[in-house]
Structures are given as structure tokens and as C-alpha cells.
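Engineer: Residue numbers (the working numbering): 896 to 1035. Using N, Cα and C, we set each Cβ at its ideal position, and we do this for glycine too.
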Amino acid sequence: MELSEKSEDRDIEGWADRARTMLDRRGLTYDQIASALDVATRSAVGHYLSGRRQLSAMQAVALAQRLGCRVGWLLTGEQPIEPVENASDTNVSPEDLLAPLKALPADTFSAVANLVLSVSSASHYQGAVRKSKQQKKSES
């Protein structure tokens, strides 16, 4: 599979092919990405990459970070591959940022929107749990 900013495989199920591409590109092994998927063995990683197990939103984010790619590209193949080092240094308008999302097929857009919502909810929940633990520590 040729690595490009717009993958030929644009459906959300193609994430495993894109993940394997990045594994090869980065020289990573299944053992090295197991922690991103919150699994202990390379066999379990293989279950995700073969489609026998479904990837959660949090796993998708962690895997993309470990692979050094954008989660949007990993899941849809539509966005630039590489993450932006410092988003505040870019001169991209909001319209330009939204253009790739608007071009997605409706079902893919819906899947991406659901992913963003679940990641946002999970992040909010994790932040609240951390804050609660910190408060309990300071009270003791």
C-alpha cells in the first residue's frame, strides 16, 4: 500500500491496513504497540489487526499516538498522516480544517463524529476521576 495523504482505502474498516503500514514505516512490532491497545500479548494485537476484535475510541487515539499518525487518518485515510507538532503555529482556517470532514461519505462522517464524541466524553470522565482522586489525597 502506497503511503499518501489520501489513502485508496477510505472506509473505517481499513484502519488495520493503515496501522500495519505505519508499523512497517516506523519499524514497530506488535509487542511495542500492545500497551497502546491495552493488551498484554502480540497475539491480542493480531486479533485487532485482523478484525476479530473491535477497536474502541480510546484505543484508536492511543494507537495513533504510538504509531505517530493522526487518529483521523488511521480511521478514515482522509486526513494528513502526520500529526501537527504545534497546532498553534499553523495558518489553517477553520473552513480548511472542516473541508475533509465535509467531503466524507455520510456513514464515515457519522462514525468519525461518534468517535470524537466518545473520546471527548472519555477524556472528560478521566479528568473528573483524576480531579476527584487529587482532592481525596489532599483531604487525607
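Going by beta-carbon coordinates alone, are Tyr925 and Arg913 separated by less than 7 Å?
Structural biologist: For Tyr925 and Arg913, no; Cβs fall outside 7 Å.
Engineer: With a 10 Å radius around its C-beta and 16 neighbouring C-beta atoms as the bar for buried, classify Leu974 as buried or exposed.
Structural biologist: Here residue 974 is Gln; the residue named in the question, Leu, does not match the sequence. By the 10 Å Cβ count, Gln974 comes out buried.
Engineer: Under 7 Å between the Cβ atoms of Met911 and Leu932?
Structural biologist: Position check: residue 911 holds Ala in this sequence, whereas Met was assumed. Their beta carbons are not under 7 Å apart, which means Ala911 does not touch Leu932 by this criterion.
Engineer: From this set, Lys1032, Ser930 and Ala952, which residue's C-alpha is nearest Ala1008's C-alpha?
Structural biologist: It is Ala952.
Engineer: Could you tell me which of Arg948, Leu923, Arg921 and Gly922 sits nearest to Val934, measuring between CA atoms?
Structural biologist: Ranking Arg948, Leu923, Arg921 and Gly922 by Cα distance to Val934 puts Arg948 first.
Engineer: In this structure, does DSSP put Glu1034 in helix, strand or coil?
Structural biologist: Note: Glu1034 maps to helix in three-state DSSP.
Engineer: Gly946: buried (16+ other C-beta within 10 angstroms of its C-beta) or exposed?
Structural biologist: Exposed, because fewer than 16 other Cβ atoms sit within 10 Å of the Cβ of Gly946.
Engineer: Please state whether the Cβ-Cβ distance between Met917 and Leu962 is less than 7 Å.
Structural biologist: Yes.
Engineer: Am I right that Leu970 and Ala994 are in contact with their C-beta atoms under 8 Å? What's the rounded C-beta distance?
Structural biologist: The Cβ separation is near 17 Å, so there is no contact.
Engineer: Can a CB atom of chain D be found closer than 7 Å to the CB of Ala911?
Structural biologist: Among the protein chains of the structure shown there is no chain D, as only one such chain exists.
Engineer: Going straight from the alpha carbon of Glu977 to that of Arg921, what length do you get?
Structural biologist: Cα to Cα, Glu977 sits roughly 12 Å from Arg921.
Engineer: Less than 6 Å between C-beta atoms, sequence neighbours within five positions excluded: which residues of the same chain meet that for His942?
Structural biologist: Closer than 6 Å at Cβ, skipping near neighbours: Arg948.
Engineer: Quick check: the Cα distance between Val923 and Glu990, rounded to an integer number of angstroms?
Structural biologist: Per the sequence presented here, residue 923 reads as Leu, with Val not at that position. Roughly 35 Å between the two C-alpha positions.
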